[in-house]
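What follows is a short report on a single structure.
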Amino acid sequence: MVPTSSNPHDYEAVRNVLSRYCESLDTKLYDLLDKVFLPDVEANYPFNPNIKGVAALRDAVNNRLGPIKTHHSLTTQTIIINPASQTANTVTYFIGAHLGQGPHQGKVLSAYGKYVDELVCLDPKEGDFEGVQGASGIWRIKRRTVLFSGRVGDEAIMKEF
Numbered sequence: 000m001v002p003t004s005s006n007p008h009d010y011e012a013v014r015n016v017l018s019r020y021c022e023s024l025d026t027k028l029y030d031l032l033d034k035v036f037l038p039d040v041e042a043n044y045p046f047n048p049n050i051k052g053v054a055a056l057r058d059a060v061n062n063r064l065g066p067i068k069t070h071h072s073l074t075t076q077t078i079i080i081n082p083a084s085q086t087a088n089t090v091t092y093f094i095g096a097h098l099g100q101g102p103h104q105g106k107v108l109s110a111y112g113k114y115v116d117e118l119v120c121l122d123p124k125e126g127d128f129e130g131v132q133g134a135s136g137i138w139r140i141k142r143r144t145v146l147f148s149g150r151v152g153d154e155a156i157m158k159e160f
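For the sequence shown, numbering that gives the first Met the number 0 begins at 0 and goes up steadily by one.
Structural data, given as structure tokens:
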């Protein structure tokens, strides 16, 4: 039987996946990206367009942010779940603070923008709903586009460590 209405627990599960992305970047625990994206994710970032696969995405993120301390915050968000196809489309605004290191100590580059994501719901393994009991399954991003609305600060902190 195909569901005709959204499961309210899925909204929380989707929010958790989107938050886990920020946690991965800010803690430098890039293996967490496997719990955010499908293995064959397609991603477009302003500095890394046409990324194919979570391994390539992990490398791109590490190359860009590895030596920099960051703090990502999610703000305004829209989540639209299609229960019949077990998919979701989200738009999530963010602020990413990039904290200068070494010669740039005390400087901050702030990025403002949005993540535009397509997600799919997968069957849970052995009842693992990733902390959201009652969700339809495990949510993963299959396609991501990152769009900047502005960047404020010294871009050099991203290139010089």
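We put the beta carbon where it would ideally sit given N, CA and C, even for glycine.
Which of helix, strand or coil does DSSP assign to residue i?
i	result
E11	helix
I137	strand
E154	helix
P38	strand
S23	helix
V131	coil
Around the Cβ of residue i, are there at least 16 other Cβ atoms within 10 angstroms (buried) or fewer (exposed)?
i	result
A12	buried
F93	buried
T75	exposed
V151	exposed
T77	exposed
Q85	buried
F36	buried
A54	exposed
My guess is that residue i and residue j are in contact by the Cβ rule of under 8 Å, so how many angstroms apart are they, rounded?
i	j	result
D25	T69	5 Å
Nearest to residue i by alpha carbon, out of the options?
i	options	result
G95	Y29, S4, G149	G149
Q. So, do the region 132–142 and the region 102–118 have three or more beta carbon pairs nearer to each other than 8 Å?
A. Flag = yes, the region 132–142 and the region 102–118 touch.
Q | Inter-stretch contact at 8 Å, needing at least 3 Cβ pairs: the region 11–27 / the region 123–130 | A | Contact between the region 11–27 and the region 123–130 is present, because at least three Cβ pairs lie under 8 Å.
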